[in-house]
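Trainee:
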Amino acid sequence: MDRLLRRHGGGHDDDSSSSSSTAGIGLLTNTKTGDPWAGQAKYAKGVVAIGCIVVALAAILAIPSRLRHRRLDRARTGGAPRRSHGAAGTAVGRRHPVEPPRRAASFCRFLAYRQLPSYRLGFVDLRFPALGVTLLLCALMLGVTAWMFAVQPYYRSAYTFGSPPLALRAGMMALGLMPFIYALGSKVNLISALTGTSHERLQVYHQWIARFMLFLATVHTIPFIRQPLQEGGTAALREWFFSDHINTTGTVAYACLFVLVFGSFAGLRERCYELFVAVHIPVAVTFLAFMFIHTSQLLTSWRYLWGTAALYMLSVFLRLARQLSSHSLFGLCRCRVEALDGRLTRLTIRTPLTWRPGQHVFVRFPAIEPWSAHPFTIVSMPRPDHSGDSAIVLMAKAHGGFTRKLHSRALAGQAGEAETSTETTTAMRHGEHIDDHDADEQLLRPSSSTSLSAIVDGPYGQDAGVSDFDAALFIAGGSGITLAMASLLDLAWQWRNGTAQTRRARLVWSVRNDESVEWMREHIETVEALAPRGSFGVVVHISQSAGGAASTLPASWQVHRDGHPDVSLAIDAFLLEEVPSSSSSSSMPSADVEKGETPLSETSSASTSPDAKRSSSPASSVSAPTPSSSVAVVVCGPEGMSRDAGNRVAKLQLDMARGRLKHLEQVYLVNERFGW
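Residue 229 in the UniProt record's numbering sits at position 229 of the sequence shown, with consecutive numbering throughout.
(1) Report the three-state DSSP secondary structure of residue 690 (helix, strand or coil).
(2) Taking the alpha carbon of Q494 as the reference point, which residue from T482, L116, E231, P357 has its own alpha carbon closest?
(3) Take W371 and list the residues in its own chain whose beta-carbon comes closer than 7 Å to its own, dropping the five residues that flank it on each side.
(4) Quick one: grab the DSSP three-state call for R343.
(5) Tell me which residue opens and which closes the beta strand (DSSP E) that A158 is part of.
(6) So V542 packs on D514, CB below 8 Å; how close in whole Å?
(7) Assign F123 to one of two classes, buried (16 or more other C-beta atoms within 10 Å of its C-beta) or exposed (fewer than that).
(8) Who are the near neighbours of L202 in its chain, counting only those whose CB is closer than 6 Å to its CB and skipping five residues on each side?
(9) My guess is that A170 and H220 are in contact by the Cβ rule of under 8 Å, so how many angstroms apart are they, rounded?
(10) Can you tell me where the beta strand (DSSP E) holding M395 begins and where it ends?
(11) What is the rounded straight-line gap between the Cα of H85 and the Cα of H663?
(12) Answer with buried or exposed for G461, where buried requires no fewer than 16 other C-beta atoms within 10 angstroms of its C-beta.
(13) Within 10 angstroms of the Cβ of E665, are there 16 or more other Cβ atoms? Answer buried if so, exposed if not.
(14) Alpha carbons only, please: which of A454, P117, P129, F161 is nearest the one belonging to A367?
(15) Short check: CB of L491 to CB of A500, under 7 Å?
(16) Pick from V316, R102, R66: whose alpha carbon is nearest that of Q653?
(17) Are three or more beta carbon pairs between the region 161-177 and the region 220-235 nearer than 8 Å?
(18) Helix, strand or coil for L299? Go by DSSP, reduced to three states.
(19) Taking only runs that begin and end inside the region 124-178, name each unbroken beta strand (DSSP E) of 3 or more residues, in chain order.
(20) Excluding sequence positions up to five away, which residues of its chain have a Cβ less than 6 Å from the Cβ of R94?
(21) Any idea what DSSP makes of D457, helix, strand or coil?
(22) Counting only the same chain and skipping the five closest in sequence on each side, list residues whose C-beta sits under 6 Å from that of V670.
(23) List the endpoints of the continuous alpha helix (DSSP H) containing Q558.
(24) Spell out the partners DSSP gives V631 in its beta bridges.
(25) Classify C333 as helix, strand or coil using the three-state DSSP reduction.
(26) DSSP on residue 677, reduced to helix/strand/coil?
(27) From the DSSP output, in three-state form, read off I63 for me.
(28) Please classify S315: does DSSP put it in a helix, a strand, or coil?
(29) Under the three-state reduction of DSSP, which class applies to R109: helix, strand or coil?
(30) Pull up the CB-CB distance for L177 and V47, whole angstroms please, since I reckon it's below 8 Å.
(31) Does the beta-carbon of A310 have 16 or more other beta-carbons within 10 angstroms, so that it is buried, or is it exposed?
(32) One question on the structure: do R502 and F474 come within less than 7 Å of each other, judged by their Cβ atoms?
(33) Which residue's Cα is closest to the Cα of A339: E270, A412, I60?
(34) Give the secondary structure of G640 by DSSP, where H, G and I count as helix, E and B as strand, and everything else as coil.
(35) Is the CB-CB distance between A58 and T195 below 7 Å?
(36) Roughly how many angstroms separate the alpha carbons of Y526 and V144, rounded to a whole number?
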């Protein structure tokens, strides 16, 4: 311990016995009075306090969202009556929102929805979170950085008189971040429980705070290298480095942190996802272990390390307990795997779990990849009465790696069959057959498919239900239809039971070719059959159309063979639909999307842009009601589609915050992109 105290400048009061010169006494006095080693623990404590305050504020702000989800859950079980509407489409007895809170809420949503551009630096794809998240992270990181550099001194007068104070401050601040980083990266964690925010929404904080910790670790490292190098050259640096195991173990810990941070950048993670999944947790555990050795129980360092370990182990225990309670021994269950056209794979799992629309599960197949679990959005809905097991239906597009192996396994199980079974589609029609036990029997009946053992972890994710809004627009790109379909099935079920407040809904789906529609066509038609007449419309954009080929899609659908939809115009067209009682020329004014102009603030009539009509306004199939007071926009697709939708809705929120668009109470966005 005396050696460690001398190393870090923690000498005792007998300065005269510690040095034989007046200069030495002065150095030690400066060490104690400037920023003494014994007081460094306050920096870790301060960082933890800041983090706890932010989490507490987030928990308070999340209370309205939690109450809304409870109301949705009651509606799904028939416990919430349908809100009556007048002939004009406005809610009877609805109170107009108070203007100041409405504007404040709209501005907060603007910060939450506004997407920032991404930048490519070589093979690293640097993606920034939403504007509000970016501002919060910048405020926290800049504030901690300013605090770190504002305190003097940075160095001791000589490296032999103890560790540089700047290095100690940075190291203790990094220790204070560790419990939050590990908690934010866990699927089941205390922060999610307090704020109601699912783990995938917290990943952006997990990644950026880890990057900030790498910055602090770098600041912690540089003074230890710079001072001996300046005072004694490479020989002194070499002697200092090998004089203590703290230096070598710190180097290993820094290397682990570097791998964790740079391996999580979007470009690298997407290219090597299988490798990322395989090494991320082992490297994180190794990093934590070496941090225990590196800190050597100095000051209060182990408090934060034990806290980190406890939070992580609690997450593992809760996940394991849920798996064991929901399934058989070791959490194993049977999964039916079917190969569909278009390199699609359908997975069906019988489970006692319950879930909400838009949630996902992680599935691990011991026979294919026993060490990695992969996320899938749940397409089906559970039994609303929670009687008996429900069928989880998942869809996977075969690209490479795991999804290709899974599709090949399904094809191998179907070899020799004349045609592909379609029995499991009945499980997704819970609106028509929710009380029919034959649906579940057909779900598990042997057919031209294979059965694999699987471990299901979940469900996780936000509630994408929108039945409490006046109108809902669903925009999907490719396999992003799975999120939209889960929400649509929930809406259709509540339409049937009379508990939905939604008067109109529209699905805008961008696909590659006609064949890409078939795998979800039957389920879209199910929603059409359950929807009130004239309340649901479908718009399909096909980017690679076969020239001259006759369309086999339903005549009620609006089919455009002109490439991808303009997401901004699709949102505008939906929010300002032509009112049936008005003249044919009264419609949505055109928008200059490049300039960010919002035609929705104009209440006068204007001619509709032909592109806007063509892209998203199926007036022939949907009876367009008046503009709605509350609108939900659900988006799931590629990054570009997600970014365009977020920015367009953010622009609407900014207009509402400025006092425009008073006919809209709120525009709510559920925005998902492929991966996280």
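Quick reminder that beta carbons are idealized off the backbone N, C-alpha and C, glycines included.
Mentor: The answer reads as follows:
(1) In this structure the chain extends from 1 to 676, so residue 690 is not present and cannot be described.
(2) To locate residue 494, count along the sequence shown from 1; it is residue 494. Nearest option by C-alpha distance: P357.
(3) The residue you call residue 371 lines up with position 371 of the sequence shown. Within the same chain, W371 has close Cβ partners A278.
(4) Along the sequence shown, one-based indexing puts residue 343 at 343. Three-state result, R343: coil.
(5) Here residue 158 refers to the residue found at position 158 when the sequence shown is read from its first residue. Careful: A158 lies outside any beta strand (DSSP E) and carries neither H nor E.
(6) Within the sequence shown, the letter at position 542 stands for residue 542. Within the sequence shown, the letter at position 514 stands for residue 514. Note that residue 542 corresponds to Ile in the displayed sequence, not to Val. Indeed, because the Cβ distance is near 6 Å, the residues count as touching under 8 Å.
(7) Reading the sequence shown from its first residue, position 123 is the one you call residue 123. Result: exposed.
(8) Your numbering for residue 202 matches position 202 in the sequence shown. Excluding sequence neighbours, L202 sits near L184.
(9) As a position in the sequence shown, residue 170 is number 170, starting the count at 1. As a position in the sequence shown, residue 220 is number 220, starting the count at 1. About 4 Å separates the two Cβ atoms, so the contact holds.
(10) Reading the sequence shown from its first residue, position 395 is the one you call residue 395. Looking at the DSSP string, the run of the beta strand (DSSP E) that includes M395 is 390-397.
(11) Within the sequence shown, residue 85 is the residue found at index 85, counting from 1. Within the sequence shown, residue 663 is the residue found at index 663, counting from 1. Only weak support exists for where H85 lies, its pLDDT of 39 falling under 50; the value from the coordinates is given anyway. C-alpha separation (whole angstroms): 16 Å.
(12) Start at 1 with the first residue of the sequence shown, and residue 461 comes out as number 461. Buried: at least 16 other Cβ atoms inside 10 Å.
(13) Counted from its first residue, the sequence shown places residue 665 at position 665. Buried is the call here.
(14) Here residue 367 refers to the residue found at position 367 when the sequence shown is read from its first residue. Nearest option by C-alpha distance: A454.
(15) Stepping through the sequence shown from its first residue, residue 491 is reached at position 491. Stepping through the sequence shown from its first residue, residue 500 is reached at position 500. Result yes, Cβ atoms of L491 and A500 sit closer than 7 Å.
(16) Within the sequence shown, residue 653 is the residue found at index 653, counting from 1. Out of V316, R102, R66, R102 has the C-alpha closest to the C-alpha of Q653.
(17) yes
(18) In the sequence shown, residue 299 corresponds to position 299, counting from 1. Reduced to three states, the DSSP call for L299 is coil.
(19) 124-126
(20) To locate residue 94, count along the sequence shown from 1; it is residue 94. With a pLDDT of only 46 at R94, under the threshold of 50, the placement of this residue in the model should not be trusted; the figure read from the coordinates follows. Excluding positions up to five away in sequence, the list is empty.
(21) Sequence index remark: in the sequence shown, residue 457 carries index 457 (1-based). In this structure, D457 counts as strand in the three-state DSSP scheme.
(22) Looking up residue 670 in the sequence shown gives position 670. Excluding sequence neighbours, V670 sits near A464, V634.
(23) As a first step, residue 558 must be located in the sequence shown, where it is residue number 558. Note, Q558: premise wrong, no alpha helix (DSSP H); beta strand (DSSP E) at 558-560.
(24) By one-based count along the sequence shown, residue 631 stands at place 631. In DSSP, V631 forms a bridge with A471, V667.
(25) Taking the first residue of the sequence shown as 1, we reach residue 333 at position 333. C333: strand per DSSP, three-state reduction.
(26) Since the first and last residues shown for the chain are 1 and 676, residue 677 lies out of range.
(27) Numbered from its first residue, the sequence shown carries residue 63 at position 63. Helix.
(28) Numbered from its first residue, the sequence shown carries residue 315 at position 315. Of the three classes helix, strand and coil, the one that applies to S315 here is helix, per DSSP.
(29) The residue labelled residue 109 in the question sits at position 109 within the sequence shown. DSSP places R109 in helix when its eight states are reduced to three.
(30) Stepping through the sequence shown from its first residue, residue 177 is reached at position 177. Stepping through the sequence shown from its first residue, residue 47 is reached at position 47. Rounded, the Cβ-Cβ distance is 6 Å, consistent with contact.
(31) In the sequence shown, counting from the first residue as 1, residue 310 sits at position 310. Exposed, by the Cβ-count rule.
(32) In the sequence shown, counting from the first residue as 1, residue 502 sits at position 502. In the sequence shown, counting from the first residue as 1, residue 474 sits at position 474. It is Thr, not Arg, that sits at residue 502 in the sequence shown. Not in contact: T502 and F474 (Cβ atoms no closer than 7 Å).
(33) Position 339 of the sequence shown, counting from 1, holds the residue named residue 339. Checking every option, the nearest Cα to that of A339 belongs to A412.
(34) Stepping through the sequence shown from its first residue, residue 640 is reached at position 640. Correct three-state label for G640: helix.
(35) Stepping through the sequence shown from its first residue, residue 58 is reached at position 58. Stepping through the sequence shown from its first residue, residue 195 is reached at position 195. Result yes, Cβ atoms of A58 and T195 sit closer than 7 Å.
(36) If you number the sequence shown from 1, residue 526 lands on position 526. If you number the sequence shown from 1, residue 144 lands on position 144. It is Thr, not Tyr, that sits at residue 526 in the sequence shown. Their backbone Cα atoms lie some 54 Å apart in a straight line.
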